[in-house]
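Just so you know, this note's numbering puts 316 at position 204 of the sequence shown, and the rest follows in order with no gaps.
See structure below.
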Amino acid sequence: MISVIIPALNEEKYIRKCLEGLKKQTFKDFEVIVVDGNSTDNTVKISKQYSKVVIAKNRGIGYQQNLGVKNAKGDILVFTQADVTFPPNILYEINKAIESSKDIVGGSTTGIFEPINYKVKLLNLVSPIIQKTLSITYGHCIFVRKDIFEKTTGFRNCICEDCDFSFRLKKHGKVVILTDCSYLVSSRRFVHKGFYSPLWLWVSEYFKIKFGFRTPIEMYPAVR
């Protein structure tokens, strides 16, 4: 069984589309858990129409994802975000990859940012190459065996928690990047923060994490 875990905070604009995408999956043995950080909009109301909802006492993507795991029944965990839309075959492909070899402990899939302008188009071309070369599990879609997740001690509440998790996940076995089931993800951070600022932040945080330094998630304001 697969447990899909979605941390959310004031995501009424996006979360219905995210959950509708999950509803259309060809692989049916899965559950959806939305971990809400005390939203003040209709996020919880919308989510309850599609999934189990867990209310977190504290906010933070890492904290909320770990709380989702505590409520998960599946032996495969999939982490995504409210502004992501999965293609119908993604859970099937994830399950197939995990079942294909005991050496595979987890991984990610490639994604496409939208709406697309010429800069985002370039990012969509370059990002999968970086992802596959460095075996980075982007937070828009991370999958992992539950028993391996527990050995990693889970997510830290820091900026680029997905990258931080990647470094620890790779110590436990093979990490794969799937390319035939790309998700769609909002480019809202580029719209609100500009194109280069988020990229510089992600690159700098990657090297900080690589050398053992982490920036608290509180320094990374949410964009809605």
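Note that beta-carbon positions come from the ideal geometry of N, C-alpha and C, so glycine has one too.
Item: Under 7 Å between the Cβ atoms of ILE260 and VAL217?; Value: yes
Item: Could you please give the first and the last residue of the uninterrupted alpha helix (DSSP H) stretch that includes THR80?; Value: In the structure as shown, the chain begins at 113 and stops at 336. Residue 80 is therefore absent and cannot be evaluated.
Item: Count the other CB atoms within 10 Å of the CB of ASN229; is the residue buried (16 or more) or exposed (fewer)?; Value: exposed
Item: How would you label GLU330, buried or exposed, when you count the other beta carbons within 10 angstroms and need 16 or more for buried?; Value: exposed
Item: If I measure Cβ to Cβ from ALA168 and keep anything under 6 Å in the same chain, skipping five residues before and after, which residues do I get?; Value: VAL147, GLY149, GLN176 and LEU179
Item: Give the C-beta separation of PRO240 and THR222 to the nearest angstrom, bearing in mind that I take them to be a contact with Cβ-Cβ under 8 Å.; Value: 4 Å
Item: Please name the residue in VAL232, ARG301, LEU189 and GLU262 whose C-alpha comes closest to that of CYS253.; Value: LEU189
Item: Taking the alpha-carbon of ILE248 as reference, which of VAL232, PHE277 and LEU121 has the nearest alpha-carbon?; Value: PHE277
Item: Give me the Cα-Cα distance between ARG128 and VAL156, rounded to the nearest whole angstrom.; Value: 11 Å
Item: Return the CA-CA distance between ILE224 and SER294, expressed in angstroms with no decimal places.; Value: 7 Å
Item: Please check the pair THR138 and ASN207, which I expect to be a contact at CB under 8 Å, by giving their CB distance rounded to whole angstroms.; Value: At roughly 10 Å, the Cβ-Cβ gap does not stay under 8 Å, so THR138 and ASN207 are not in contact.
Item: Taking the C-alpha atoms as reference points, what is the distance between LYS244 and ASN170?; Value: 33 Å
Item: Give the single residue among SER220, LEU234, LEU131 and VAL165 whose Cα lies nearest to the Cα of LEU311.; Value: LEU234
Item: What residue range is occupied by the uninterrupted beta strand (DSSP E) comprising PRO310?; Value: Here PRO310 belongs to no beta strand (DSSP E); instead the alpha helix (DSSP H) covers 308-322.
Item: Give me the DSSP bridge partner(s) of ALA120.; Value: ASP148
Item: Is DSSP giving GLY174 helix, strand or coil here?; Value: helix
Item: Looking at C-alpha atoms only, which residue of GLY172, PHE267, VAL238 and VAL288 is the closest neighbour of ASP215?; Value: VAL288
Item: Would you grab the beta carbon distance between GLY186 and PHE255 for me? Rounded to a whole angstrom, and I think it's under 8 Å.; Value: In fact, because the Cβ distance is near 10 Å, the residues do not count as touching under 8 Å.
Item: Go to SER213, then tell me how far its beta strand (DSSP E) extends in each direction, as first and last residue.; Value: No beta strand (DSSP E) contains SER213, which DSSP labels as neither H nor E.
Item: Can you tell me whether GLU330 sits near the ligand COA, meaning its C-beta is under 6 Å from at least one heavy atom of the ligand?; Value: Inclusion of the ligand COA in the displayed structure is not the case, the ligand content being empty and no account of it being possible.
Item: Of the choices LEU203, SER115 and ALA209, whose alpha-carbon is the least far from that of SER163?; Value: SER115
Item: Could you check what DSSP says for ILE248 in three-state terms: helix, strand or coil?; Value: coil
Item: So what's PHE139 in DSSP terms, helix, strand or just coil?; Value: coil
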